[in-house]
Amino acid sequence: MKISELFRQNDKAVLSFEVFPPKKTSGVESITAAVDELAALKPAYISVTYGAGGNTANTFTRDIAAHIKNDCGIEAMAHITCVNNSKEEVITVMDSFKEKGIENILALRGDISPDKPPKTDFKHANELIAFIREHHEYDSIGISGACYPEGHTEAESLTADILNLRKKVDAGAEELISQLFFDNAFFYDLREKATIAGINVPISAGIMPVTSKSQIERMVTMCGASLPQKFVRMVTKYESRPEALIDAGIAYAADQITDLLANGVDGVHIYTMNNPYVAKKIVGIVEKLL
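Sequential numbering from 448 applies to the sequence shown in the numbering used here.
Below you can see the structure in the form of structure tokens.
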């Protein structure tokens with residue numbers, strides 16, 4: 448089933464998770480137990496990121512998504528990036544997804560690695576979306592896109608980023624998933640600007656629970672998310688107590704989600720970092736609100 452259908456059929460917020468493939472040195476089985484625990488929480492769908500590094504990552508993404516869909520009975524969304532793929536490679540990857548029964552993808556540009564020259568057939572995600580939509584053998588595939596509450600780090604302005612977001616939707620994206628953020632005001636501002644720009648697809652809020660200070664520093668460096676003072680105070684207070692920081696991070700994420708649900712968010716997408724414990728705790732807090 449297309450993810451867009453899940454939104455149409457559900458009058459409540461759609462809950463989803465994200466997992467990432469193991470490193471090249473590990474097999475898919477190294478995260479299967481974690482995936483199974485996450486699937487047991489009955490999210491509407493689970494997305495699988497496109498790991499760094501060529502064909503191995505392609506296979507891992509596909510195989511994990513296939514396990515989620517075919518073995519766990521949960522809808523799966525496989526990520527695909529254009530920075531790592533030529534047009535021919537996109538067709539190969541899409542065919543492999545389709546063969547495994549994967550009906551949903553998240554089409555991304557992807558992060559450019561300083562150690563690996565990017566492919567040049569596509570410059571932006573909207574071009575990848577349009578290319579896939581041109582191939583009618585993939586008409587049954589649901590396509591989602593990414594959005595950035597504080598604007599993409601490479602965008603000239605938030606307005607320019609919203610206009611680029613409109614291009615993704617016009618190209619065929621049926622749902623949008625936001626990058627992580629720690630201040631809900633940024634998400635509400637994005638949602639308002641998207642509506643003004645004529646973007647009328649569901650937008651899921653991407654929430655990343657804090658599990659360590661280094662994790663947050665790494666992710667903020669990559670995506671440029673702002674850190675509110677109350678968030679900084681929380682991390683500073685508990686950074687020397689790892690277990691306390693995890694519990695505080697869960698509480699902060701649950702508070703974000705509670706506020707989002709009260710303000711009519713279309714969906715909540717939890718970046719689980721392959722950690723079922725954190726996801727279980729959050730779902731336990733908010734499940735009666737969903």
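Backbone N, C-alpha and C fix where the C-beta goes; we use that ideal spot for every residue, glycine too. Every value quoted in this text rests on a predicted model; they were computed, and no experiment measured them.
Inset, instruction - For Gly671, I'd like the list of residues in its chain whose CB is within less than 6 angstroms of its CB, leaving aside the five on either flank, ordered along the chain. - result: Thr600
Inset, instruction - Determine the contact status of Thr719 and Phe464, defining contact as a CB-CB distance below 7 angstroms. - result: yes
Inset, instruction - Could you check the C-alpha separation between Gly500 and Asn532 for me, to the nearest Å? - result: Model confidence at Gly500 stands at a pLDDT of 49, short of 50, so the residue's coordinates are unreliable; what they give is reported in the following sentence. Rounded to whole angstroms, Gly500 to Asn532 spans 11 angstroms at the Cα level.
Inset, instruction - State the Cα-Cα distance for the pair Val495 and Tyr685, rounded to the nearest angstrom. - result: 30 angstroms
Inset, instruction - Quick one: residues in its chain with C-beta nearer than 7 angstroms to the C-beta of Met541, no 5 flanking neighbours on either side, listed in chain order? - result: Ile579 and Tyr585
Inset, instruction - Determine, using beta carbons only, whether Glu622 comes closer than 7 angstroms to chain C. - result: As a matter of chain content, chain C is missing from the structure shown, which is built from one protein chain.
Legend entry - C-alpha gap between Ile729 and Ile559, whole angstroms: 32 angstroms
Inset, instruction - Would you mind giving the Cβ-Cβ distance between Asn631 and Ile478, rounded to the nearest angstrom? I have them listed as a contact below 8 angstroms. - result: At roughly 30 angstroms, the Cβ-Cβ gap does not stay under 8 angstroms, so Asn631 and Ile478 are not in contact.
Inset, instruction - Using a threshold of 7 angstroms, state whether the C-beta atoms of His716 and Ser673 are closer than that. - result: no
Inset, instruction - In the DSSP assignment, find the alpha helix (DSSP H) that holds Leu485 and state where it starts and stops. - result: Glu476 to Ala486
Inset, instruction - Kindly identify the DSSP beta-bridge partner or partners of Glu465. - result: Ser494 and Tyr718
Legend entry - Proximal residues to Val530 (C-beta, below 6 angstroms), its chain only, five neighbours per side dropped: Arg556, Gly557, Ile559 and Pro565
Inset, instruction - Take Met655 and list the residues in its own chain whose beta-carbon comes closer than 6 angstroms to its own, dropping the five residues that flank it on each side. - result: Leu627 and Tyr718
Inset, instruction - Pull up the distance between the alpha-carbon of Asn611 and that of Gly696, whole angstroms please. - result: 32 angstroms
Inset, instruction - Identify whether Met448 lies in helix, strand or coil by the three-state DSSP scheme. - result: coil
Legend entry - Identity of the residues DSSP links to Gly653 by a beta bridge: His716
Legend entry - Which residues DSSP lists as bridging Cys594, in chain order: Ser625
Inset, instruction - Rounded to whole angstroms, what's the CA-CA distance from Lys570 to Glu690? Just pull it up for me. - result: 42 angstroms
Legend entry - Contained beta strand (DSSP E) runs [length at least 3] in the region 536-611, N- to C-terminal order: 551-555 and 589-594
Inset, instruction - Using three-state DSSP, classify Ala460 as helix, strand or coil. - result: coil
Inset, instruction - Taking all protein chains shown into account, decide if Glu581 is buried (16 or more other Cβ within 10 angstroms of its Cβ) or exposed. - result: exposed
Legend entry - C-beta contact flag for Val725 and Ala701 at 7 angstroms: no
Inset, instruction - Could you tell me which of Ala512, Asp713 and Ala607 sits nearest to Ile624, measuring between CA atoms? - result: Asp713
Legend entry - Straight-line Cα distance separating Ile590 from Met524: 9 angstroms
Inset, instruction - Answer with buried or exposed for Ile643, where buried requires no fewer than 16 other C-beta atoms within 10 angstroms of its C-beta. - result: exposed
Legend entry - Simplified DSSP state of Ile430, which is helix, strand or coil: Residue 430 falls outside the range modelled here, since the chain spans only 448 to 737, and no answer is possible.
Legend entry - Cβ pair Asn551, Ile646 closer than 7 angstroms: no
Legend entry - For Val725, three-class secondary structure by DSSP: helix
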